[in-house]
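Chemist:
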Amino acid sequence: MDIYKQDAVTAINPKHYRSHPSGVECIDVIRHFPVSQGMIIKYLWRAGDKGPLLEDLQKALWYVEDCLKHNCGIPYDESTWFNKTYDNMIALWWEAEPAGYRKEAIIAALLDCIETTKDIVCEWIESINAPILNEAKE
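Residue numbering for the sequence shown is 234 to 371, as defined by my numbering.
1) Would you mind stating whether L301 and W357 have Cβ atoms separated by less than 7 Å?
2) Just verifying my parser: in three-state terms, what is the DSSP assignment at V297?
3) Going by DSSP in three states, D289 sits in which element: helix, strand or coil?
4) In whole angstroms, what is the alpha-carbon distance linking S269 and P364?
5) When you compare only the Cα positions, how much space is there between Y334 and I353?
6) For E256 versus I263, is the C-beta distance shorter than 7 Å?
7) Nearest to R355 by CA position, among P267, E298, E258, is which residue?
8) Could you tell me the boundaries of the alpha helix (DSSP H) in which R335 lies?
9) CB-CB under 6 Å to Y276, same chain, minus the five flanking residues each way: which ones, in chain order?
10) Check whether the Cβ atoms of I339 and I274 lie closer than 7 Å to each other.
11) Assign K248 to one of two classes, buried (16 or more other C-beta atoms within 10 Å of its C-beta) or exposed (fewer than that).
12) Just reading off the alpha helix (DSSP H) that S269 is part of, what are its end residues?
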């Protein structure tokens, strides 16, 4: 591969999307979803790995609101769009992802529980802002 193609691959598929311990890449998951729902998963997937954590969470929340406003999720129907490869990929991701807000929020988005995703992301943002607010009061 020549240097120009290599740079393009790195720019299109940077490390923060392909460094999950499971080996599962973000694009392999989100290509199964409508754009807004995929963007929720994308920003949660990379939260804190590309740039500021709060910025990625705010972007995810914007897409959550967009999804709710336009009712854009996919109804969970295993027979129409899930397949064995996808199920195995999610199982690998699930095993490697530590417990916490990211795991909860991504699973909620994967299952089209967008209101639940919103609640989890808002709680995650509050947990980040709480220490900042407490320091400001002192």
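Virtual Cβ for every residue (Gly too), placed ideally from N, Cα, C. All figures in this text were calculated on a predicted structure; none of them were measured in a lab.
Modeler: With the structure as the only source:
1) no
2) helix
3) helix
4) 31 Å
5) 7 Å
6) Per the sequence shown, the amino acid found at residue 256 is Gly instead of Glu. Contact: no.
7) It is worth fixing the name first, because residue 355 is Cys in this sequence and not Arg. Selected option, being the one with the closest Cα: E298.
8) 334–343
9) D289, K292, A293
10) yes
11) exposed
12) 268–279
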